[in-house]
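Notes to accompany the following structure.
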Amino acid sequence: MAGQEQHTRRRRRRDRASIPRVRGHLRASPGPLRATLPKVGRVRELIERPKPGCDVEVDGGVDETTAPRVVGAGATVLVAGSAIVGARDGTATARRRLRAALNQLEDETDPAEQSARQRSQVCNSE
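Letter by letter, the sequence shown follows residues 3 to 128 of the numbering used here.
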């Protein structure tokens, strides 16, 4: 039994180890956002076949202007570290702006698309 348990733990670690490599390819900046959006969409397409509903995370360059675009491309988890922590008007205001941009996106989409976007998350470090 102990051997099976150890094998399962090793397998879980191996599964998790591949995630950062994928995330590294979904950086919204530096570099043109127009080059990143198709990559996010392609990762979404590829991951939906074997793992429907799996999160696609974009880390880097996420703010209130880029967030709706990367979510529209297929991202479900956004890391907006610099946009929040580095905001001159404070973290609470920056989080509100980001949420407002994402809420506006949801209001503009049709109901079929909204269900996919409802998985989108904004890191909340309150």
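Glycine included, C-beta positions come from ideal geometry on N, C-alpha and C.
All values derive from a computational prediction rather than experimental measurement.
Residue interval of the alpha helix (DSSP H) (run including residue i)
i          : result
residue 47 : 35-50
residue 73 : 69-75
residue 85 : 83-87
Secondary structure of residue i, DSSP reduced to three states
i           : result
residue 109 : helix
residue 60  : strand
Straight-line Cα distance separating residue j from residue i
i           : j          : result
residue 87  : residue 41 : 26 Å
residue 39  : residue 59 : 12 Å
residue 109 : residue 99 : 15 Å
residue 47  : residue 72 : 14 Å
residue 35  : residue 68 : 8 Å
residue 77  : residue 45 : 9 Å
Within the chosen definition, does the region 50-64 reach the region 87-96 through at least 3 CB pairs nearer than 8 Å?
-> The region 50-64, when compared against the region 87-96, does not touch it at the 8 Å Cβ threshold.
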